[in-house]
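A short worksheet on the structure shown next.
Number of protein chains: 2
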Amino acid sequence: MMTIMNGKNPVPTIRAVAVEAGVSVATVSAVINQTRFVSAETARRVNEAIKRSGYRPNRLARGLSTRQTKTIGIVMPTILSPIAPLLLKSAADVLHEHGFAVLFSNTEMQATWEEQAIELMFDSQVDGLLVVPASETLDTLKLFADAGKPVVLLLHGLSGVSGCDVIRSGNFKGSLDAVNHLIGQGAQRIAVLALPLVSESEKDRMDGFRTGILAAGRTLDPELIRVGAPSESGDSEQHGYQETLKLMTLQHPPDAIFAMNQYMAIGALSALKELGQRIPSDVALIGYDDLIWTRNLEPPLSVVAQQVELIGRMGAMRLIGRLENNDRYDTPESVTVDTHLIVRASSDRAGTATG
Amino acid sequence: MMTIMNGKNPVPTIRAVAVEAGVSVATVSAVINQTRFVSAETARRVNEAIKRSGYRPNRLARGLSTRQTKTIGIVMPTILSPIAPLLLKSAADVLHEHGFAVLFSNTEMQATWEEQAIELMFDSQVDGLLVVPASETLDTLKLFADAGKPVVLLLHGLSGVSGCDVIRSGNFKGSLDAVNHLIGQGAQRIAVLALPLVSESEKDRMDGFRTGILAAGRTLDPELIRVGAPSESGDSEQHGYQETLKLMTLQHPPDAIFAMNQYMAIGALSALKELGQRIPSDVALIGYDDLIWTRNLEPPLSVVAQQVELIGRMGAMRLIGRLENNDRYDTPESVTVDTHLIVRASSDRAGTATG
DNA sequence: GAATGTGACGTAACCGGTTACGCAGCGCTG
DNA sequence: CAGCGCTGCGTAACCGGTTACGTCACATTC
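Protein chains in written order, with this note's numbering: chain D, 365 to 719; chain X, 365 to 719.
Spelled out as C-alpha cells, the structure:
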C-alpha cells in the first residue's frame with residue numbers, strides 16, 4: 365500500500381550522489397553518461413550511491429546544459445480524425461525506440477492554436493518537430509528554421525515554407541486510381557463528394573479526380589461535383605447523405621460516386637439504400653481511408669487507402685536521421701507514399717472482389 | 365520563402381534583453397511574469413526590447429528554477445483503442461485551456477514500457493500525471509507519491525495503489541443495465557463475449573453481467589460465457605465471430621449476446637448474419653462503446669456507452685485542481701462516471717428504438 | 001634526478017531562467 | 001535635519017545538470 369509522503373527527503377541531486385560516493389560531480393556524470401574513463405572501483409561506488417539514493421537525472425537540467433532534450437513535438441489538427449491515432453502511434457513508436465519523449469498537441473483545427481502549439485514546442489526546446497499542417501501556412505516554423513532544428517511535415521506540404529522535409533500521401537494518384545477503376549467498371553457518370561480545398565491533400569485529391577475524368581476523354585459535369593463539410597466538422601456524414609439525395613434526383617443521375625472521406629461515403633451509403641438503389645449495379649461507391657469497419661458495411665466499401673502507418677514511421681525516421689547524422693543542412697527532401705486501391709463489393713460489378 | 369539560417373544569431377536570452385532595454389534581468393523577469401511592480405516607462409522599454417529581439421523564455425530554465433514545468437504527462441496503453449483518442453483529446457483540451465503542455469506516451473500494453481514511460485515523465489519533471497493503467501499495479505507511481513505530485517487514474521483503478529484520484533467508468537452498472545434490458549426484451553438465454561479479466565474494467569463488466577443474471581433468479585451457464593481476445597490484440601473481431609459460431613451450434617443456443625467490446629460485437633454480427641439468424645428476433649445483440657459507425661451497421665447496434673469525453677475532462681480538471689489549490693494532501697477521491705445504455709435495433713424487439 | 005607524459009579525477013563556469021536580499025533616492029514626519 | 005518608510009530596481013545566488021580546464025600522483029625516459 366503506497367501513501368503520499370509529501371516529499372520529506374527531497375529528490376537527490378547529482379551532488380548528493382557525489383558526496384555519497386566520495387567523488388566529484390564530474391565523475392558521477394561520467395559514469396552515468398560513459399563520457400570519460402572511470403576506474404572500475406570508483407564506478408562501482410558511484411553506481412551503488414545512485415542505487416541507494418534512488419537518484420534520477422533531471423532531464424530539464426540536462427537539456428538546459430546540453431541544449432538537447434531528446435524530446436520531439438508532434439502537432440496535429442485533430443486526433444479524432446480516423447487516421448490520426450495510427451499516425452501518432454506509428455511516429456511515437458519509432459521515436460520511443462530511439463529514446464525520444466513526445467510533446468503532443470492537438471490543435472483542433474484552429475490556426476492560432478496551431479501557431480501557439482508550435483511556439484510552445486519551441487519554448488520547450490524540443491529537438492525537432494513533426495507536424496500535420498492544417499493551416500495553409502505556418503509562420504511560426506521560422507523559429508525552428510532559425511534555430512536550425514529539423515521539422516518534418518506529414519501527409520501534405522505547406523505553401524510558402526521550404527526547409528522542411530515532407531512525407532506526402534499520394535492523393536493525386538489515389539483519386540486517379542479510383543476514377544480509373546470506376547471507369548473500368550463501366551461507370552458513365554461519376555460524381556464526387558469533395559472536400560473544401562483547404563490543404564494540399566484535398567487539392568491533390570480533386571486534381572486526381574479531374575485528371576482521371578479528362579484523361580478518359582470525358583468532360584467535368586459541375587452538377588456532379590459536390591463540396592461537403594470537412595471531416596472534423598461532424599457534419600460530414602450528413603452532407604454526404606444530403607448531397608447524394610440531390611445527386612440522385614438530377615435529370616441524369618450518376619452511376620458512380622467517389623467520396624473523398626469516409627464519413628461522406630457512409631452518408632452516401634445511407635442515402636442510396638434509402639432510395640432503393642442497388643450497389644454497385646445501379647450506383648458504384650468508393651470512399652477514402654481503410655478503417656476497421658469499412659468492410660463491415662453493407663456492402664463492404666471500396667476505398668482508397670493511405671499508408672498512414674508508413675507515413676508516420678517515415679516521418680519519425682526522417683527526423684531522427686536529421687538529428688543523428690546532423691545532416692540538417694541538406695536540402696530538404698520530399699517523399700510521396702503511394703495509396704492503395706482496395707476494391708470491395710461496393711464498386712465491384714464483376715463480383716470478383718474478395719471483400 | 366523561408367530558409368534555414370543555421371542559427372546565425374543565437375537565440376536571445378533574458379540577459380540580452382536586459383542589456384537591450386538597459387535594465388536588470390530581474391526587471392525583465394518581472395515584466396514578463398507580472399511578479400512585481402515596474403514603472404510604466406521601464407515596462408515599455410522592456411517590452412520593446414523583447415519584441416525587437418524576438419525573445420522567448422526558455423521553459424526548461426524556467427522549470428528548473430521554479431520547479432514547475434506547466435507540463436503534465438499522459439500515459440495510455442494504446443491510442444488505437446476506439447475510445448482512446450477521445451479520452452486523449454478531451455483531457456488535452458482542458459489542459460491546454462489551462463496553459464499546460466502534454467507529454468504523451470503510448471505504451472502498447474507493455475508493462476515494462478509503461479513503467480519506463482512513467483519514469484520518463486518523472487524525469488521530465490511533469491507537474492502531474494494522467495494514466496490509463498494497463499498493468500495490474502504500477503510501482504513507478506511511487507516516484508510521484510514521494511515527490512508529492514498528483515496522479516489521476518482514468519477508466520479504472522489499480523490494486524495496491526492508494527494516493528491517486530481515480531475517475532472510473534461505471535462498468536458494473538453498464539453491464540447490469542445491458543443484461544436487464546435483454547431480459548426485459550424477453551431474452552431467456554443470454555451469452556456473453558467477455559474479455560480476459562486483466563484490469564478492473566473487465567472484472568466490473570463481468571461482475572455486472574453475473575449480478576444481472578443471478579438477480580433475475582437465473583443461473584450462470586458456463587457454456588454461454590466465452591472469453592475472447594483483448595481489443596488491442598487485433599484478433600478480437602475474429603474471436604467474436606468464432607465464438608458466436610460455436611455458441612449457435614450449442615444444443616441450447618442463446619437468444620441474446622452481450623459483447624464486451626465493439627470488435628467482438630462486429631464479429632458476432634457477421635457470424636449471426638452468415639447463419640441466417642434474424643436480429644433481434646432470433647438473437648438480440650448488444651455491444652460496448654458507442655463509436656461513430658455503430659449506428660451504421662445492419663442492424664444498428666445497441667451499446668453500453670461510456671462517457672469517455674467526460675472522464676477525460678474530469679481527470680484533467682481533477683489534476684488541475686490538485687495543482688492549483690495545492691490540496692494535494694487531501695485524501696484521494698474516486699469518482700464513477702455512469703454509462704448510458706443506448707438501445708438500437710439490434711436488441712429492440714418491440715421495434716420502438718429511434719436508431 | 002629533472003623533465004616529460006599519462007591516467008584518473010576534481011573545480012568551477014556555464015546553460016537561462018527566478019528571486020531573496022540589498023540599495024539608492026525621495027517624501028514625510030517630529 | 002536626522003530618521004524613517006516606501007518606491008523602483010539591481011546583484012548575485014540558486015535550480016541540477018555538463019564539461020573545459022586544471023591538478024596530482026605516478027611511471028617513463030635520457
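All C-beta atoms in this analysis are idealised placements derived from N, C-alpha and C, irrespective of residue type, glycine included.
- Of all C-beta pairs linking the region 561 to 579 of chain D to the region 599 to 613 of chain D, fewer than three are shorter than 8 Å, placing the two stretches out of contact.
- The alpha carbon of Ala-555 of chain D has as its nearest neighbour, out of D:Thr-700, D:Leu-484, D:Ser-710, D:Asp-619, the alpha carbon of D:Asp-619.
- Boundaries of the beta strand (DSSP E) harbouring Phe-622 of chain D: 620 to 623, taken from the DSSP string.
- Taking all protein chains shown into account, Gln-398 of chain D has fewer than 16 neighbouring C-beta atoms within 10 Å of its C-beta and is therefore exposed.
- With a threshold of 7 Å between beta carbons, Leu-424 of chain X makes contact with chain D.
- The continuous alpha helix (DSSP H) containing Leu-578 of chain X extends over residues 564 to 579.
- When the alpha-carbon of Lys-537 of chain X is set against those of X:Thr-695, X:Leu-484, X:Gln-549, X:Val-701, the nearest one is in X:Val-701.
- Secondary structure note for Ser-393 of chain D: its alpha helix (DSSP H) is the uninterrupted segment 389 to 397.
- Using a CB distance below 8 Å, the part of the region 448 to 475 of chain X facing chain D consists of Ala-448, Pro-449, Leu-450, Leu-452, Lys-453, Ala-456, Asp-457, His-460, Ala-465, Val-466, Leu-467, Phe-468, Ser-469, Asn-470, Glu-472, ordered along the chain.
- Here Asp-510 of chain X carries a helix assignment [DSSP, helix/strand/coil].
- A distance below 7 Å between beta-carbons, with the five flanking residues on each side excluded, links Ser-499 of chain X to the following residues of its chain, in chain order: Ala-475, Glu-478.
- Judged by beta-carbon spacing, Ala-632 of chain D lies within the 7 Å limit of Ile-621 of chain D, meaning their Cβ atoms are closer than that value.
- When secondary structure is reduced to three states using DSSP, Ala-648 of chain X falls in the strand class.
- When the beta-carbon positions are compared, Arg-708 of chain X and Ser-645 of chain X stay at least 7 Å from each other.
- Ser-393 of chain X and Ser-429 of chain D have their alpha carbons spaced roughly 21 Å apart.
- Among the CB atoms of chain X, one or more fall inside 7 Å of the CB of Gly-427 of chain D.
- Rounded to whole angstroms, Leu-518 of chain D and Ile-436 of chain D show a C-alpha spacing of 14 Å.
- Exposure of Arg-408 of chain X is indicated by the presence of fewer than 16 other C-beta atoms within 10 angstroms of its C-beta.
- Under the 8 Å Cβ criterion, the region 444 to 453 of chain X counts as touching the region 657 to 677 of chain X, having at least three qualifying pairs.
- Distance from the Cα of Thr-391 of chain X is smallest, within the candidate group X:Ser-445, X:Val-375, X:Asn-411, for X:Asn-411.
- Rounded to whole angstroms, the separation of the alpha carbons of Leu-614 of chain X and Val-466 of chain D is 50 Å.
- When Cβ pairs closer than 8 Å are counted between the two stretches, the region 579 to 591 of chain X is seen to touch the region 543 to 563 of chain X, the count reaching three or more.
- Ranked by Cα distance from Val-439 of chain X, the first of X:Val-383, X:Val-515, X:Ala-380 is X:Val-515.
- Along the region 647 to 663 of chain X, the positions whose C-beta sits under 7 Å from a C-beta of chain D are Trp-657, Asn-660, Leu-661, Glu-662, read in chain order.
- A contact is defined here as three or more CB-CB pairs under 8 Å, and the region 373 to 381 of chain D meets this definition with respect to the region 415 to 428 of chain D.
- Under the three-state reduction of DSSP output, Ala-555 of chain D falls in the strand class.
- Counted as a single uninterrupted DSSP element, the beta strand (DSSP E) harbouring Ala-669 of chain X occupies residues 666 to 669.
- The CB of Ser-488 of chain X comes closer than 8 Å to the CB of Arg-423, Leu-424, Thr-435, Ala-465 in chain D, given here in chain order.
- Taking 7 Å as the threshold, the shortest C-beta distance from Arg-420 of chain X to chain D falls below it.
- For Met-440 of chain D, the enclosing beta strand (DSSP E) starts and ends at 435 to 440.
- Near chain D, meaning a CB-to-CB distance below 8 Å, no residue of the region 669 to 689 of chain X qualifies.
- In the three-state DSSP reduction, Val-525 of chain D falls in the coil class, being neither helix nor strand.
- The residues Ile-643, Pro-644, Leu-649, Pro-663, Leu-665, Ser-666, in chain order, have a CB closer than 6 Å to that of Ser-710 of chain D in the same chain once the five nearest residues on each side in sequence are set aside.
- Under the Cβ distance rule, Ile-643 of chain X does not count among the residues neighbouring chain D, no pair being separated by less than 7 Å.
- For the options D:Asp-457, D:Ser-595, D:Ala-580, the alpha carbon positioned closest to that of Ala-629 of chain D is the one of D:Ser-595.
- 7 Å or more divides the Cβ of Gln-480 of chain D from the Cβ of Thr-433 of chain D.
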